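In the numbering used here, the protein residues as written are 248 to 719. Encoded as structure tokens, the structure appears first; notes follow it.
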Amino acid sequence: MKKLLNIVVVLCTAACAAGFWMVGGSQFLQLQAGPESLVPEETFEQAEGKYLSYEAACPVGSYVEEYYSGDPDRVRRTGYVVYDSVRRAFVYVVVSERNDGRLENLIWNLNLAVEMREGKDMSPYTAEGTLRKMDVEAAEHAAAALEESEIIEFYRSTEGEDAYRESYFSDEYGQVIVDMCDGLEGNPGQADWYCIEDGVVDGLEKGDIWVCVLAAGVSLLIAVVSLISVFTGGKKKKAVLPAASGSRMEGFFLWEKPWAEEWCEYNLRRGYRLACLSVVISLAVFVGIGVYLKMPVTKMTAFYVPLGVLFGEVVAAMFWYGQKGQSNVAKILKKHAKSIAKVLPSAAEQEAFAEDILNTGKEWEFRERTKEGMLWGTVGSRYWVALHWNGRVMLVDSEKLGKIETETVAGTVRSGKVRVSYQSYAVRFYYKSVPPKKSCDQWIGFDSKENQRQLVALARKRVGENVEYMML
Numbered sequence: 248m249k250k251l252l253n254i255v256v257v258l259c260t261a262a263c264a265a266g267f268w269m270v271g272g273s274q275f276l277q278l279q280a281g282p283e284s285l286v287p288e289e290t291f292e293q294a295e296g297k298y299l300s301y302e303a304a305c306p307v308g309s310y311v312e313e314y315y316s317g318d319p320d321r322v323r324r325t326g327y328v329v330y331d332s333v334r335r336a337f338v339y340v341v342v343s344e345r346n347d348g349r350l351e352n353l354i355w356n357l358n359l360a361v362e363m364r365e366g367k368d369m370s371p372y373t374a375e376g377t378l379r380k381m382d383v384e385a386a387e388h389a390a391a392a393l394e395e396s397e398i399i400e401f402y403r404s405t406e407g408e409d410a411y412r413e414s415y416f417s418d419e420y421g422q423v424i425v426d427m428c429d430g431l432e433g434n435p436g437q438a439d440w441y442c443i444e445d446g447v448v449d450g451l452e453k454g455d456i457w458v459c460v461l462a463a464g465v466s467l468l469i470a471v472v473s474l475i476s477v478f479t480g481g482k483k484k485k486a487v488l489p490a491a492s493g494s495r496m497e498g499f500f501l502w503e504k505p506w507a508e509e510w511c512e513y514n515l516r517r518g519y520r521l522a523c524l525s526v527v528i529s530l531a532v533f534v535g536i537g538v539y540l541k542m543p544v545t546k547m548t549a550f551y552v553p554l555g556v557l558f559g560e561v562v563a564a565m566f567w568y569g570q571k572g573q574s575n576v577a578k579i580l581k582k583h584a585k586s587i588a589k590v591l592p593s594a595a596e597q598e599a600f601a602e603d604i605l606n607t608g609k610e611w612e613f614r615e616r617t618k619e620g621m622l623w624g625t626v627g628s629r630y631w632v633a634l635h636w637n638g639r640v641m642l643v644d645s646e647k648l649g650k651i652e653t654e655t656v657a658g659t660v661r662s663g664k665v666r667v668s669y670q671s672y673a674v675r676f677y678y679k680s681v682p683p684k685k686s687c688d689q690w691i692g693f694d695s696k697e698n699q700r701q702l703v704a705l706a707r708k709r710v711g712e713n714v715e716y717m718m719l
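Here it is in structure tokens:
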């Protein structure tokens, strides 16, 4: 069963890795290679499809490309019509709201008089993205933004006003505007429009590319680890017993080993379920967010789906390795050995304890398994022991017993902003002492009252009425 689950994990994660790499792999390679510079001899048509670094020096108009979802007053992306003085053509540069301030300042400064423009920061805005040809509808938006340009309108309004033109268009920046406006005279319009979306490589934003690649990498890593487990997981490692060969304590550990193995197998199966659920739930949540925000298909496949899988896989790995760390039979046995040695420090006492437990029949055994843990034990003729999944040992010497007390423990604990109720059932053991102790010497807790009653019934069979009983 475990091998089959590993094969399923290998196939699913390998498919995710391949799919996410297909979505963002080529863009990632371009991103790593870095953008090319647009050389003066190269036209926009020749550079189409390249990942470029372009210096936008003369923006003359703008158009709102996209508003934030659910907030029609907040602009997410703005397109700027930029005049390229080298190629004597316009290019459309789209930037996010985080970066549009630089282009807005350039437009503002280009509207100023020459003497006011002096000392202003006129350095161009560098956009990095893939140059693509715009479709008809997008080109119409860019052309409309150009027609509404205040810079062009002001230049045309100053025709015949030499003083104004001297004041506004006599420097190098003004001369660029003059050349642009003269070129527009009698021109029916630019035939082909090209666009650079800043931070977008071949249709994907840089953040989306990194999410895709990270999701592909984590998926591939999980696929490789699971594939190794397919070939190596079938061989069970023999748990090294904590005691020397031939001792009664070794026999005791052999006696409890099947119980520890049962817990480990159960815990690993639970780990698989939690891991799978975490991926499915995470993916559903992120896809649901994308649908609620009405994101386009490209954004869904390049960001929300891989992010959901990535987040789910990270949580799944944490679940799995957490469960796996609790499912080591040898570690559990070693912890039990240390716990027993603290209660019974001498080798003779440990041998007597092991002899007593091994000579006890199955009818004296008790156990409890829940979603969170497991305990198993037995009521021997002298020693009573409860072994917990986490290595904790509760050991009672019945010859020292003075009182057995039961109690139902109930209360609430805060979990975040919510208070959660709990209830457990304890059996407390008090040794004989003068004066009597207020706190118990040992105790065993259960989640089920039936298991509490079973332990008390077994204890009664062993010691009868020789001890005091207090049922709370």
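Don't be surprised by glycine CBs; every beta carbon is placed ideally from N, CA and C. Keep in mind that this is a model prediction, so the values were computed, not measured.
Element boundaries [alpha helix (DSSP H), containing residue i]
i: P553; result: 552-572
i: E344; result: Per DSSP, E344 belongs to no alpha helix (DSSP H) and is neither H nor E.
i: A595; result: 594-605
i: R412; result: 409-416
i: R403; result: 397-404
i: E292; result: 291-294
i: K578; result: 576-590
i: E432; result: Run containing E432: none; DSSP gives neither H nor E here.
i: A549; result: No alpha helix (DSSP H) holds A549; DSSP gives it neither H nor E.
The beta strand (DSSP E) enclosing residue i, as first and last residue numbers
i: P505; result: Where P505 is concerned, there is no enclosing beta strand (DSSP E), although the alpha helix (DSSP H) it sits in stretches over 495-539.
i: E313; result: 306-315
i: G624; result: 621-626
i: E375; result: 372-380
i: V714; result: First-last for V714: undefined, no H or E at that position.
i: S300; result: 298-303
i: E615; result: 612-616
i: E444; result: 441-444
Whole-angstrom distance between residue j and residue i, CA atom to CA atom
i: A463; j: L431; result: 49 Å
i: E292; j: L285; result: 12 Å
i: R516; j: N637; result: 17 Å
i: L634; j: P543; result: 56 Å
i: V448; j: V328; result: 20 Å
i: W567; j: E512; result: 13 Å
i: E413; j: E387; result: 33 Å
i: M547; j: M269; result: 15 Å
i: E351; j: G308; result: 9 Å
i: T655; j: S586; result: 26 Å
i: Y441; j: G376; result: 12 Å
i: K618; j: Y519; result: 14 Å
i: K581; j: A704; result: 30 Å
i: D347; j: T325; result: 7 Å
Where residue i falls: helix, strand or coil (DSSP)
i: V361; result: helix
i: K684; result: coil
i: A486; result: Per-residue confidence for A486 stands at a pLDDT of 47, beneath the threshold of 50, marking its modelled position as unreliable; the derived number appears in the next sentence. It is coil, neither helix nor strand.
i: S668; result: strand
i: V710; result: helix
i: R700; result: helix
i: S466; result: helix
i: D426; result: helix
i: D368; result: coil
i: K679; result: coil
i: A265; result: helix
i: D455; result: helix
i: A491; result: Note on A491: pLDDT 46, under 50, position unreliable in the model; no value is reported.
i: T272; result: According to the sequence as given, residue 272 is Gly; it is not Thr. Helix at G272.
i: E798; result: Nothing about residue 798 can be reported from this structure: the residues present for the chain run from 248 to 719 only.
i: V322; result: strand
Identity of the residues DSSP links to residue i by a beta bridge
i: G692; result: A673
i: W631; result: V626, V643
i: C259; result: Looking at the DSSP assignment, C259 forms no beta bridge with any residue, so it has no partner.
i: G658; result: Y669
i: F337; result: Y330
i: L648; result: Y678
i: E283; result: L299
Contact test: residue i Cβ vs the ligand SAM heavy atom, cutoff 7 Å
i: R379; result: Ligands in the displayed structure: none, and consequently the ligand SAM is not present.
### Query
Is the region 388-406 touching the region 451-466 in the sense that three or more CB pairs, one from each, lie closer than 8 Å?
no
### Query
Is it a yes or a no for the region 664-675 touching the region 689-706, going by three-plus beta-carbon pairs under 8 Å?
yes
### Query
Okay, do the region 553-567 and the region 464-473 touch, 3+ Cβ pairs below 8 Å being the bar?
With three or more CB-CB distances shorter than 8 Å, the region 553-567 counts as touching the region 464-473.
### Task
Determine contact between the region 590-603 and the region 650-664, defined as no fewer than three beta-carbon pairs at a distance below 8 Å.
no
### Query
Pairing CB atoms from the region 677-684 with CB atoms from the region 618-627, are three or more of them under 8 Å?
no
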